[in-house]
Amino acid sequence: MPNITVELLAGRSLEQRKAFARAVADHAVEILGARRQDVRMVFTEITGDDVANGGVLASEDASRAGVLAALDQN
Numbered sequence: 001m002p003n004i005t006v007e008l009l010a011g012r013s014l015e016q017r018k019a020f021a022r023a024v025a026d027h028a029v030e031i032l033g034a035r036r037q038d039v040r041m042v043f044t045e046i047t048g049d050d051v052a053n054g055g056v057l058a059s060e061d062a063s064r065a066g067v068l069a070a071l072d073q074n
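For the sequence shown, UniProt numbering gives the first residue as 1, with consecutive numbering after it.
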């Protein structure tokens, strides 16, 4: 039984998470031979203040400003 943990920046829509879950489950069935009903995913939403890249919080990283702004619109 694959247990998959997914961390996403907050702001993804329910439809995006559903599509992602379907795609990952499809591949787990195909590649791992898992039964679809046994593929478990847990989504954890994080904010730009919860994650740092290269020692810089995502919320303070100018190179990620566009990504964060796009997620805020969802």
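For each residue, glycine too, the CB sits at the ideal point set by N, CA and C.
With a 10 Å radius around the Cβ and a threshold of 16 neighbouring Cβ atoms, Val39 comes out buried. Restricted to the UniProt domain "4-oxalocrotonate tautomerase-like" (2 to 57), the alpha helix (DSSP H) segments that are unbroken, complete and at least 4 residues in length are 14 to 27, listed in chain order. Straight-line measurement puts the Cα of Met1 at about 33 angstroms from the Cα of Leu68.
Of all C-beta pairs linking the region 42 to 58 to the region 5 to 12, three or more are shorter than 8 angstroms, placing the two stretches in contact. The beta carbon of Asp72 lies closer than 8 angstroms to those of Gly11 in the same chain, with the five residues before and after it left out.
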